[in-house]
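A.B. asks: In the working numbering, the protein residues as written are 7 to 147. All residues carry an ideal CB built from backbone N, CA and C; glycine is no exception.
(1) Where residue 11 and residue 118 are concerned, what is the direct C-alpha to C-alpha distance, given to the nearest angstrom?
(2) Could you check how far apart the C-beta atoms of residue 123 and residue 86 are, in whole angstroms? I think they sit under 8 angstroms.
(3) For the beta strand (DSSP E) containing residue 61, list its first residue and its last residue.
(4) Residue 105 bridges to which residues according to DSSP?
(5) Straight-line CA distance for residue 104 to residue 61?
(6) Report yes or no: do the segment 51 to 59 and the segment 107 to 114 share at least 3 C-beta pairs separated by less than 8 angstroms?
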């Protein structure tokens, strides 16, 4: 798959293996949005290296724990908590000290043909919403 990655202070298009969906959903990205955070990462924000991008709309291609999601259009919550700390157990994974953040911290992002996220982080896009409406300023990889 193609992915837009920031590595060693350089932004480039790379060919990667399609991610394994083990324990998470694999989403085929239809559109990904560019925002200021992507530009700041390229300038060194958060020290992130990997596939950038955190705004997306896609189609679920695999989801072991939620087979009903397969084929559905989705957007996603970008923060993935550890699931075991006090904040996660209270229902606040966005502030988990061990969280990963799609395309920002410890997790490859959406400027790629595929991404993975836990199914609990995915939200179905209603049929009446066009792909371009689900994500603002979008690009297609």
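C.D. replies: With the structure as the only source:
(1) To locate residue 11, count along the chain shown from 1; it is residue 5. To locate residue 118, count along the chain shown from 1; it is residue 112. Distance between the alpha carbons of residue 11 and residue 118: 9 angstroms.
(2) By 1-based counting over the chain shown, the position of residue 123 is 117. By 1-based counting over the chain shown, the position of residue 86 is 80. About 7 angstroms separates the two Cβ atoms, so the contact holds.
(3) Your numbering for residue 61 matches position 55 in the chain shown. For residue 61, the enclosing beta strand (DSSP E) has its first and last residue at 61 to 69.
(4) Along the chain shown, read from residue 1 onward, the residue named residue 105 stands at position 99. According to DSSP, residue 105 bridges with nothing at all.
(5) Position 98 of the chain shown, counted from the start, is the residue given in the question as residue 104. Position 55 of the chain shown, counted from the start, is the residue given in the question as residue 61. Looking at the two C-alpha atoms, the distance is approximately 21 angstroms.
(6) yes
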